[in-house]
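Structure first, commentary second.
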Amino acid sequence: MLWPVETRSVSPVFVGRNDELDTLNDALERAGAAEPQALLLGGEAGVGKTRLVEEFATAACRRGAVVALGGCVEIGADGLPFAPFSTALRALRAALPDELAEAAAGQEDELARLLPELGEATSGRHDEQGMARLFELTARLLERVAAERTVVIALEDLHWADASTRHLLAYLLRTLRTGRLVVLATYRSDDIHRRHPLRPLLAELDRLRTVRRLELARFTREEVGRQIAGILAAEPDPAQVDEIFERSDGNAFFVEELAVAGAEGCRTGLTDSLRDLLLVRVEALPESAQRVARIVAEGGSTVEYRLLAAVAQLAEDDLIEALRAAVGANLLTATPAGDGYRFRHSLVREAVADDLLPGERSRLNRRYAEALEADPGLVPADARVTRLASYWYQAHDPAKALPAALDASVVARRRHAYSEQLRLLERAMELWDTAPEEVRAALRPVDYTDVYPPCGCDPATTPLRYLDLMAEAAVAGRFCGERERALKITKKALRILQDEHDPQRAAWFWVQRSRLVQGLARGDGWQELGTAQDLVRGLPPSEVHADVLANAAAWSMLHEPGPEAFAAAERAVEYARMVGAREIELNARVTLGTLMVDAGDVDNGLAELERVKDAALQEGVAHVAGRAYTNLPSELESVGRSREAVPIQREGIAFTRRYGLLDAEAWVWGNLSESLYALGQWDEAAEAAAGALGSAASAKPRGAGALHLAHIALARGDTAEAARRLAITRAHYGTHDPMPQAQLPVARIAIGVAAEEGRILDARAELDHTLAAGFPPGTHRYGWPLLLAAATAEADARGLPAAADGRAEALDRLAEAARKLTTGAPLWQAYERWTRAELHRARGTGTAAVWSDVVTDFERLDRPYDLARVRRRLAQALLEEATGDDERDRATELLRLAGAVADHLGARPLAEAVALLAQRARLTLTTRADRRALDPAESLGLTSRERDVLRLVSAGRTNRQIAEELFISPKTASVHVSNILGKLGVAGRGEAAAVAHRLGMFPVEALDPTR
């Protein structure tokens, strides 16, 4: 007969949690308005997280939402890669088969890494962007599925999540932009100790304004009483409520256990631990049910029935009777699919598992592994290899655990679960010495190692060697971002190789070390690349040799462009062709084409980049195509062909987004911002810069996005915002890996900010620092805007007392730098003339003829803001030289055109300068109805006395000197200065003087301290 246990331990009444339910329902309502929602639900074990999720899911379904549940799976000490997302996507596919198929169309081979039912995952390319590509495609899949109806993705037990699941969740919560989607994840807060891997993720998500975090508190005494009443179907005795509340401390699960125990007459003393109470309930079962409970506890969070039967080795009737007893006692519960069993609560499972003896635990794991080896069909195919590796490892059998871990690492890599791959490979390294020699001699061949040359004559059949294993682990660590662990592995490998003459493999590990050092911000990686080059020098061509040269050329292009970089790129292409390394060849050709343009061979260089882009697209080499989409339009922009660059950039954004090339997408967004700025589309340029910030996976492209925003803010007169963005840029770029393409634009903006704030000496210091480093060949595209900014700052500061010392020397240094900088395109010829015109203005020798040539140059280019600026300068020169109406008429037209552009772009400093110049020359640029008061002092709200004080501040006077000259007290002068700073919105006297000078409020002679 069956064991007569039928316990009702789950309350039919949902108690409390009104505030939390309101928050969840509010999120559901917001999601219904196409505003994606993300929530984290934390609470200690047993506090009621799952019950709350179930209640919310039921309510969401009633409102027409589709709910997909997924739980993190624990197998021994391991988590199953992507398990909650695979389960949730499987549920979505069952509920919305057509919608999911349509959303996944064209990307089935990649998405099959998460949902094998979509097809077979192709090998694809494995690189640092591989996991990011999968994440981006998953995010877009969910957005498309949730485009028309609300979808709730609920992920439970995040504290058990594998690293890949954590990374994917973080990516989704950061990047979901559209869709009627709610993502809800739960975790045990009491498990999150200081070193728990979930802790950094929670800290990161706390900083996202789009993520709401809920902490589920324990029940109050009143709520405990209502829960007990629901369980017992009767009003409990107040003394019983007091006792249970005291013992459970309001934990919902312990309330249930204590209430049921009391109802069954199991009155444990108040000194007994709650863990003992849980075990007492297990021990009340018949021996066969206890045995089955122990087997299930060690098998993982869920155990399939057929696997359980194979491990328990009971007659089927006996097994079913034991299971019925455990289920009837509410100890075990059937899985939703009906194909297995799990503990009703993980606390019970942990109590049972902790009660196992060490030998008992390893024996059970061995039986699980043996059963699975005998019949692999006992578990789902996508979990089989990982679970087998875990069971053998927990069985403490190195001979079996080593090959199982290596096989599982291959499966993890194919799913782009590189974090799990690295963990398994590190486990294999741990087991290596303890495994018998005959086992190591029969291991699988080497898996993916980039261009690393495996040991042995035939890589396809030669068993894996320890050095090969380290190469696999180093690549996996680099791909998943665990650079510290990967660096430790490469250092160990290089120590081993010190005793062996193996230059190719040593060179490969040095290249890995170079990448890791750069990624960890511990250097620029050149020393490591130099060592790799020394090792392969003189060796016959090989993939490793070509890869070393390609990496050296790419490094040199960014850090030290010039003939040596060009030669390295040419040799990399040549060697790659000789050994048939097509990807290395295409990558090196991107570098070569870029260097050709920078060296002045513009047409051939652009043609080469176009050919590489087309070839990479045709051959499916996505990462090279992404790089070509970055460099080709960037080089077009570098020669002033902005309008040609924009459509290629928009095409590149679509391509990089489709393939999840996050950093490439961010670089293309940044380049698009630069081109749109040049074309006078500043609002769109700001949006593009924000796109770079939002899509980047690493720091440098985020820095570029922030720099473009700083440039726009500076041109629009928001100096404080420009300074803030500049500081963000510098933080992203860091100081460990200086590159001219980053340093020179940063210096240009820094000079502009310093000049606007009246800090001309700081602007000169920034210039001197840059000139000391010099302009490497090919960096003129960054050098000319910097020299122009510095020359303009000096010209604007002419006549300011603070700028007098060192002025002549600064102008000489600028002129000398301009003489050395190349002008290989019409754009930079125009910039060269403009810079020299500003130097003339700084020396007081500017003429209308000089500025007329500059305007003529820019009228041939497609750069409206630059043209407006030089037109204003020409108008000023014409008015200064005017002898009749012709010059005044021409100046009026130039100012009208410049003002129209400035108003359209929101370039406030230029608009104010145009208006002020027109006012002083008594020129009419607008109709009377549209004319505004153009007196800068009046527009700033300054009184006549404050205007006098500002004039003296601009002349460098102290408060005491101002008081003496205006016959007021120093205290009154101080009050006037404070009021002026407030009205001008500046922080100091220098900034106030700069604003007055920029607006032309006082003639230069009025500031002469000798007057």
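Read left to right, the sequence shown gives residues 4 to 1014 (this note's numbering). For every residue, glycine included, the Cβ atom is placed at its ideal position computed from N, Cα and C. Just so it is clear, the structure is predicted and the values come from calculations on it, not from any experiment.
Sheet register partners of residue i (DSSP bridge)
i	result
ALA337	TYR344
ARG191	GLY46
LEU3	Here the chain comprises residues numbered 4 to 1014, so residue 3 is not present and cannot be evaluated.
VAL330	The partner list for VAL330 (beta bridge, DSSP) is empty, contrary to what the question assumes.
GLY74	GLU159
VAL449	Answer is none; VAL449 lacks a bridge partner.
GLU307	GLY343
VAL69	VAL154
Residue i versus residue j - alpha carbon distance
i	j	result
ALA1015	GLY755	Only positions 4 to 1014 of the chain appear in the structure, and residue 1015 is not among them; the question remains open.
TYR371	GLU307	11 Å
TYR469	SER89	33 Å
THR594	GLU883	50 Å
GLU363	VAL671	58 Å
GLY809	LEU984	28 Å
GLU1033	ASP160	Nothing in the structure corresponds to residue 1033, since the chain is present only between 4 and 1014.
VAL857	ALA880	12 Å
TYR785	THR168	42 Å
SER701	ASP666	7 Å
ASP358	ALA315	18 Å
ARG1001	THR738	33 Å
TYR421	ASP865	47 Å
SER349	GLU301	12 Å
LEU955	GLY1003	14 Å
GLU835	TYR736	29 Å
GLY993	ALA796	14 Å
PHE569	MET599	8 Å
ARG751	HIS783	13 Å
ARG646	ARG210	38 Å
THR930	THR895	Unreliable placement is indicated for THR930, whose pLDDT of 40 sits below 50; the coordinate value is still reported in the next sentence. Spanning the two alpha carbons is a distance of roughly 13 Å.
Residue i, buried or exposed, once every other Cβ within 10 Å from all chains shown has been counted against 16
i	result
ARG863	exposed
VAL16	exposed
LEU848	Note that residue 848 corresponds to Thr in the displayed sequence, not to Leu. So THR848 ends up on the exposed side.
GLN40	buried
ALA995	buried
ASP22	exposed
ASN674	buried
CYS64	exposed
ARG508	buried
SER393	buried
ASN607	exposed
ASP860	buried
THR452	buried
THR389	buried
Chain D within 7 Å of residue i, Cβ atoms only
i	result
LEU682	The structure shown contains no chain D; it is built from a single protein chain.
Check whether the region 704-721 and the region 909-916 touch, using three or more Cβ-Cβ pairs below 8 Å as the test. yes
Evaluate contact between the region 891-905 and the region 867-878, counting only Cβ atoms and requiring at least three cross-stretch pairs below 8 Å. yes
Quick one: complete alpha helix (DSSP H) runs, 4+ long, within the region 112-192? 133-148, 166-178
Scan the region 723-782 and note each continuous alpha helix (DSSP H) run of 4 residues or more that stays entirely inside, going in chain order. 743-759, 763-776
Does the region 186-205 come within contact of the region 43-54, defined as at least 3 CB pairs closer than 8 Å? yes
The region 420-438 contacting the region 401-409, beta-carbon criterion three pairs below 8 Å: yes
Just checking, does the region 135-154 make contact with the region 165-181 on the three C-beta pairs under 8 Å criterion? yes
Contact the region 729-739 vs the region 956-972: 3+ CB pairs below 8 Å: no
Is the number of C-beta pairs between the region 811-819 and the region 593-611 that are closer than 8 Å three or more? no
Touch check for the region 786-795 and the region 837-846: three-plus C-beta pairs under 8 Å? yes
Contained beta strand (DSSP E) runs [length at least 3] in the region 549-589, N- to C-terminal order: none
Would you call the region 557-567 and the region 463-478 in contact, with 3 or more CB pairs under 8 Å? no
At which residue ranges does the region 449-484 contain complete alpha helix (DSSP H) runs of 4 or more residues, listed in the order of the chain? 469-483
Check whether the region 66-77 and the region 149-156 are in contact - that is, three or more C-beta pairs closer than 8 Å. yes
Should the region 440-455 be regarded as contacting the region 193-209, the criterion being three or more beta carbon pairs within less than 8 Å? no
Within the region 619-667, note down every full alpha helix (DSSP H) run reaching 4 residues or more, in order along the chain. 625-641, 645-661
Do the region 228-236 and the region 245-259 meet, that is, are 3 or more Cβ pairs less than 8 Å apart? yes
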